[in-house]
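I have placed the structure first, in the form of structure tokens, so that the comments after it can refer back to it.
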Amino acid sequence: MSGGSGDSFVIAIDGPAASGKSSTAQWVADELQFLHVDSGALYRAATALAVRELGAADSWEEARVVELASDVTLVPGKTSFEPRIRGEAAEEEIRGADVTKCVSRVAQMPAVRAWVNEQVRRAAVGHSVVVDGRDIGTVVFPEADLKIFLVADPWERARRRLTQRLGRRPAEAEIAEETERLVQRDAKDATQTVQARDAVLLDTTYLTQAEQVERIVALARAVASSSRIVEVEDEGSRRVRSYRPA
Ligand code: DC
31 MSGGSGDSFV
41 IAIDGPAASG
51 KSSTAQWVAD
61 ELQFLHVDSG
71 ALYRAATALA
81 VRELGAADSW
91 EEARVVELAS
101 DVTLVPGKTS
111 FEPRIRGEAA
121 EEEIRGADVT
131 KCVSRVAQMP
141 AVRAWVNEQV
151 RRAAVGHSVV
161 VDGRDIGTVV
171 FPEADLKIFL
181 VADPWERARR
191 RLTQRLGRRP
201 AEAEIAEETE
211 RLVQRDAKDA
221 TQTVQARDAV
231 LLDTTYLTQA
241 EQVERIVALA
251 RAVASSSRIV
261 EVEDEGSRRV
271 RSYRPA
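Residue numbers are given in the working numbering: position 223 of the sequence shown equals residue 253, and the series is strictly consecutive.
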């Protein structure tokens, strides 16, 4: 049953842009004492290197981009795997506008996709993980222990994203503009954003993030209870670490 390697437990969370995948995945990982892997961050790190080194995006060659990507490493931290570019954290750079503008192009390159998939699969060797992305349940871990596909109404996704970015209540006109941008991004990433047949569809339009997390954690525990727990952390509280198929 395990989607990763050995005894690791894999939860795949896929869905469109701004559906809350990454923050939900991190929260679920924290609750279960798993590590979070944000696969989109790897596409972003490869794109950041291309922005630094390759000039205008329409001339980027796949072979060159994938060669640059070898300077990106995925390093396990306390609660998540973090991408490093030439050994340095680059969170601000990979979330910036230049990278966001070009990342869909890089994510269409098959060699880059193969590289990302390899990094993510390697992270799950010996670690139980919550991985978020677009194709985690279909391509990267088709045997994941639990698959979730998160969706939300585009207007609501835009409203949440703007509220977070601006730190205030956005105006209707701002939400309308952001909704349009999101819908365009969804279209660019549509080919690889696929709900696995065995994924649980979770529409979060009317859910708080705490409710989403609670549901996913409950599902994970239900799946795990049909498996044999092979390691339980100490410190008095029973913190499930990893499982073996029953
Ligand atoms: O989720 P995000 O915005 O950080 O993703 C960045 C880009 O990478 C976006 O264009 C979608 C793409 N992506 C993908 O194609 N497959 C994944 N598993 C994760 C992200």
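Note that CB positions come from ideal geometry on N, CA and C, so glycine has one too. Because the structure is a prediction, the values reported are computed rather than measured.
**Prompt:** Taking 8 Å as the line, does the beta carbon of S134 fall inside it for any heavy atom of ligand 1?
**Reply:** yes
**Local Cβ density within 10 Å of K108, reported as buried at 16 or more and exposed below that** = exposed
**Prompt:** Under a three-way DSSP split, which group does L196 fall into?
**Reply:** helix
**Asked** Per DSSP, what kind of secondary structure is C131 in: helix, strand or coil?
**Response** The displayed chain sequence assigns Lys, not Cys, to residue 131. Note: K131 maps to helix in three-state DSSP.
**Prompt:** Does the beta-carbon of T234 have 16 or more other beta-carbons within 10 angstroms, so that it is buried, or is it exposed?
**Reply:** buried
**Asked** Given V105, which residues of its chain have a CB within under 6 Å of its CB, disregarding the five upstream and five downstream residues?
**Response** E112, R114
**Own chain partners of Q56 with C-beta closer than 6 Å, once the 5 adjacent residues on each side are dropped** = H66
**Prompt:** Under the rule that 16 or more other beta-carbon atoms within 10 Å means buried, what is L180, buried or exposed?
**Reply:** By the 10 Å Cβ count, L180 comes out buried.
**Request:** Report all residues from its chain with a CB closer than 6 Å to the CB of Q222; omit the five preceding and five following residues, and keep chain order.
**Result:** Within the same chain, Q222 has close Cβ partners R164, D165.
**Asked** Got a sec? Which residues, its chain only, sit under 7 Å from V146 by beta carbon, not counting five neighbours each side?
**Response** The beta carbon of V146 is closer than 7 Å to those of S69, L72, Y73 in its chain, skipping five residues each way along the sequence.
**Prompt:** Span of the beta strand (DSSP E) holding R114?
**Reply:** 111-115
**Prompt:** Ends of the beta strand (DSSP E) at L180?
**Reply:** 176-181
**Asked** What are the boundary residues of the beta strand (DSSP E) that A68 is part of?
**Response** According to the sequence as given, residue 68 is Asp; it is not Ala. Unbroken beta strand (DSSP E) run through D68: 65-68.
**Prompt:** Taking the alpha-carbon positions, what's the V270 to F64 distance?
**Reply:** Here the model assigns V270 a pLDDT of 43, short of 50, so the residue's position is not dependable and the matter cannot be decided.
**Request:** Give the secondary structure of E118 by DSSP, where H, G and I count as helix, E and B as strand, and everything else as coil.
**Result:** strand
**Prompt:** Just the Cα atoms here: how many angstroms apart are D101 and R215?
**Reply:** 27 Å
**Prompt:** Taking just the CA atoms, how far does D228 sit from V58?
**Reply:** 20 Å
**Message:** Output needed for V247: all residues of its chain with C-beta closer than 8 Å, excluding positions within five of it in sequence on either side, in chain order.
**Reply:** V58, E61, L62
**Message:** Just checking D68 against ligand 1 - is the residue's beta carbon closer than 8 Å to any of the ligand's heavy atoms?
**Reply:** yes
**Asked** For A127, which option in R195, D183, S158 has the closest C-alpha, if you only look at C-alpha atoms?
**Response** R195
**Message:** Please state the DSSP three-state secondary structure of R271.
**Reply:** Only weak support is given to the placement of R271: the predicted model assigns it a pLDDT of 45, under 50, and the question is left unresolved by the model.
**Item:** E92 and V142 closer than 9 Å at C-beta
**Value:** yes
**Asked** Hey, how far is the Cα of R199 from the Cα of T193?
**Response** 6 Å
**Asked** Does A120 get closer than 9 Å to chain D when you measure Cβ to Cβ?
**Response** This model lacks chain D altogether; it includes just one protein chain.
**Message:** Cutting at 7 Å between CB atoms, please list the residues of its own chain near A87, excluding the five before and the five after it.
**Reply:** Excluding sequence neighbours, A87 sits near C132, R135.
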